[in-house]
Amino acid sequence: MSMRNLLLMCACALLCACATPKAWQRGHLAQPAMAWEPDATDAAIREHTYVSKEAAIGGVNGAGGGCGCR
Amino acid sequence: MRKLARGLLLALLPLCAQAAQQGDVAPVFSAPALEGGALVNLADYHGRVVLVDFWASWCAPCKQALEHYQQLRRDWHARGFEVVAVNVDENSGDGRRLARPLALEFPLVEDAKGRVAELYAVATMPSAYLIDRRGVVRWVLQGYRGDEGAALDDRVRKLLEEK
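In C-alpha cells:
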C-alpha cells in the first residue's frame, strides 16, 4: 500500500462524523426528555392496554384475553 | 508528504490519551473556583491526601457522592485530607444551584469546557481519584453505588498514616 493511500485512509477515518460523547459531556443526554420512557406511569398504562388488546395475536407477554384483567 | 504524515500522527495523538490510573502521578491542574474568586491549584495540596472528584448536576449519584465526601472530609481534614470537587456542567450555574444547599466545605472547581476531565480522561460520572501525599493516584473510584463508605474510609486512613 502506498504512503498516499495510507494517508487517504487515515484522513477518511478522521472525517467520520460520529463521535462518542465523553462521560462529562452527557448532560443533554441525561435530561428527562431524553429518557426512553419519560413517564413511567404513562408507559405502564400504555403497555397494559397494548398487552390486553394484542394478547390474542401474541403481544408483549402473551397474557390475558383482551379484557385487561390479567 | 512527510510533513503531512507527521501532522496526521500528531492529530491522532489525543485519541491515545490514557486515563489517570492507579500508580500514575496525578495530573496537576489549575482552574477557577465554582463560586468565583481565586484559582484552585491542585499543586497547593501537595503533602496532603486529596480526593479529586468529578461531578455534574445532571448526575444523580454525584450528589450522593458529594454528601459522602463532605462527611469524609469532616472526619479526616484535621489529619491532612482534602477533597477537590471538579464540576463539569456546561452551565456552571447548574452546578452552583446543586452545591449551594449542600454547603460543601471543600474547594469546588469549575470545568465547563472539560479540560480537567480530559486531563484525567474521566470514563464514568462520577469518578474520584484518591491521591497520596506524594501526588500519586492510589485509587480510582468509578461510579458511585453508595456502598463504598467503609472501603474509602479505610483507604483514606491508611494513606494518612503514610509519611
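One line per chain: the protein sequences are A and B, in this order.
Take the first sequence: its letter number 55 is residue 55 in the working numbering, and every next letter is one higher.
In the working numbering, each number is its position in the second sequence, counted from 1, plus 70.
For glycine and all other residues, C-beta sits at the position ideal for the given N, C-alpha and C.
Range of the contiguous beta strand (DSSP E) that encloses VAL158 of chain B: Here VAL158 of chain B belongs to no beta strand (DSSP E), and DSSP marks it neither H nor E.
Give me the DSSP bridge partner(s) of SER197 of chain B. B:PHE124 and B:GLN212
Roughly how many whole angstroms lie between the Cα atoms of GLN212 of chain B and TRP125 of chain B? 11 angstroms
Can you name the start and end residues of the alpha helix (DSSP H) that ALA191 of chain B belongs to? Note, ALA191 of chain B: premise wrong, no alpha helix (DSSP H); not H, not E.
C-alpha gap between SER197 of chain B and ARG215 of chain B, whole angstroms: 12 angstroms
Quick check on the DSSP output: the beta strand (DSSP E) that includes GLU47 of chain A runs from which residue to which? That residue, GLU47 of chain A, is in no beta strand (DSSP E); its alpha helix (DSSP H) goes 40 to 54.
Using a C-beta cutoff of 8 angstroms, does TRP24 of chain A count as contacting chain B? yes
Thinking C-beta only, is ASN157 of chain B closer than 8 angstroms to GLY165 of chain B? yes
Mapping DSSP to helix, strand and coil, what is LEU29 of chain A? coil
Please report the Cβ distance between ALA130 of chain B and GLU180 of chain B, rounded to the nearest whole angstrom; I am assuming they are in contact, meaning their Cβ atoms lie under 8 angstroms. Actually they are not in contact, since the Cβ atoms of ALA130 of chain B and GLU180 of chain B sit about 21 angstroms apart, beyond 8 angstroms.
List the endpoints of the continuous beta strand (DSSP E) containing LEU7 of chain A. No beta strand (DSSP E) holds LEU7 of chain A; the alpha helix (DSSP H) holding it covers 3 to 14.
With a threshold of 8 angstroms between beta-carbons, can ALA30 of chain A be considered close to chain B, or not? yes
Is the stretch 188 to 208 of chain B touching the stretch 89 to 105 of chain B, taking contact as three or more C-beta pairs under 8 angstroms? yes
Starting from PRO131 of chain B and walking both ways along the alpha helix (DSSP H), at which residues does that stretch end? 130 to 146
Closer than 8 angstroms to chain A by CB, GLY184 of chain B: yes
Cβ shell of ARG225 of chain B (< 8 angstroms), same chain only, five flanking positions each side left out: LEU200, ARG208 and TRP209
Label GLN101 of chain B either buried or exposed according to how many other C-beta atoms from any shown protein chain fall within 10 Å of its C-beta, with 16 as the threshold for buried. Before going on, a small fix: residue 101 of chain B reads as Ala here, not Gln. With 16 or more other Cβ atoms within 10 Å, it is buried.
With distances taken Cα to Cα, identify the nearest neighbour of TYR139 of chain B among B:ALA221, B:LEU121, B:GLU160 and B:ARG227. B:LEU121
Under 7 angstroms Cβ-Cβ, which residues of chain A neighbour PHE124 of chain B? TRP24
Got a sec: is the Cβ-Cβ distance from ALA89 of chain B to anything in chain A below 8 angstroms? no
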